[in-house]
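*Asks:* Each residue of the sequence shown is one higher than the last, beginning at 42 in this note's numbering.
Glycine residues also receive a C-beta, built at the ideal position from the N, C-alpha and C atoms.
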Amino acid sequence: MHNFNERLSLAATAHKGYKAGGAGVRVATSETYQYDPEYTNSYELALRSVSLSGDSVFNVNAYHTNWSDMQVVVIPPGGPNNDFTIENAGSSTLYGLEVGFSQVVNDSFNFFANAAYSKTEYDKYVTNGADYAGNSFVFAPELMASIGLEYAFTDNWVLSADANYQSEAEGHHSNVDNMKVPARTLVNAKFGYEANNWSASIYSRNLTNEQYVTQYLVDSAGTGAGENVKVGTPMFVGLQVDVEL
C-alpha cells in the first residue's frame, strides 16, 4: 500500500483461495456424488481518495480472479428442480471494475452512488456432452449500480431512500436466449424518528412492487426438464423499533 498523502492512497493485493471439495446425495435418486476442491488466484488494485474537507470520498477497485476446478451448482439431466448437485468446471475467469462516491452536502443531507462492471467466462467447462467454454456465469450481471440519499428534516426525523439496478444476466450455463434473467431496478425507502437511545421507523422494500425473476431452475443439459423460476420478493412494508439498553 502506498499513501501519496493523508487523503490519497493506492493498494495492490494478490492472494490464493481454496474451497474444499465434498460429497452429497441426490434428492431424487439417493445417488451419491463427489466434487473436487476449487482454487483461485485473485488480484486487486484499489484507489482511495478523500477531499480536503473530508466531505467527499471516491474509491475505485479493479480486480481479476482465475478459477481452477470451479464448483458449479447444477440440476442433473431430467432431475426435478430441487435436485441440486455440485460439479467442477475446468477453469473460469472473472474481472471487473467498481467505482464508489459519497458526499456529505451539509448537516442535513448526504448521498452516495456506486457502479460496478464485471465480466465472467468459463474458459473450460464440458458437462453432459455440452461445451460451455466462452459462456458467462449464471446469475452474474455485467452491470450493477446504486444511488441513495439521507435527509434529516430535524435532529430527529430522518428520511432515507435508495435504488439499485442489475443488468440482464444468464439463467443457464448454455447462455440460451430464452433463459435470460431480465434486468431490474428496486427502490427502497425508510422514514423514522431517532432519539438518544431509541428509534422507530416505517420502511418499504421494493417500493414500486417490481415483478422480477431471480433464478431459473433447469437441468444441466438445458433440456427444460424440471424448468421453473424463482421470483423476487414483492413490495414489503414494515415497522422497526430499536432500543439501546
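1. Report the start-end ranges of each alpha helix (DSSP H) in the segment 57 to 123 that is 4 residues or longer and not cut off at the edges.
2. Could you name the residues of the same chain whose beta carbon sits closer than 8 Å to that of Thr73, not counting the 5 residues immediately before and after it, in chain order?
3. Can you tell me whether Asn269 is helix, strand or coil according to DSSP?
4. Between Val222 and Gly212, how many whole angstroms is the CB-CB distance? I'm expecting something under 8 Å.
5. Once DSSP output is grouped into helix, strand and coil, what is the label at Val278?
6. Let me make sure I understand the geometry here. Which of Ile243, Met220, Ile116, Trp239 has the alpha-carbon closest to that of Ala230?
7. Around the C-beta of Ala130, are 16 or more other C-beta atoms found within 10 angstroms, so that it is buried, or is it exposed?
8. Considering only the alpha carbon of each residue, which of Asp110, Ala181, Asn169, Lys165 lies closest to Gly175?
9. Let me know if Met42 comes out buried or exposed under the rule of 16 or more other beta-carbons within 10 Å of its beta-carbon.
10. What do you reckon, are the CB atoms on Val167 and Ala156 nearer than 7 Å?
11. Just verifying my parser: in three-state terms, what is the DSSP assignment at Met42?
*Replies:* On the basis of the data shown:
1. none
2. Ala64, Gly65, Val66, Arg67
3. strand
4. 5 Å
5. strand
6. Ile243
7. buried
8. Lys165
9. exposed
10. no
11. coil
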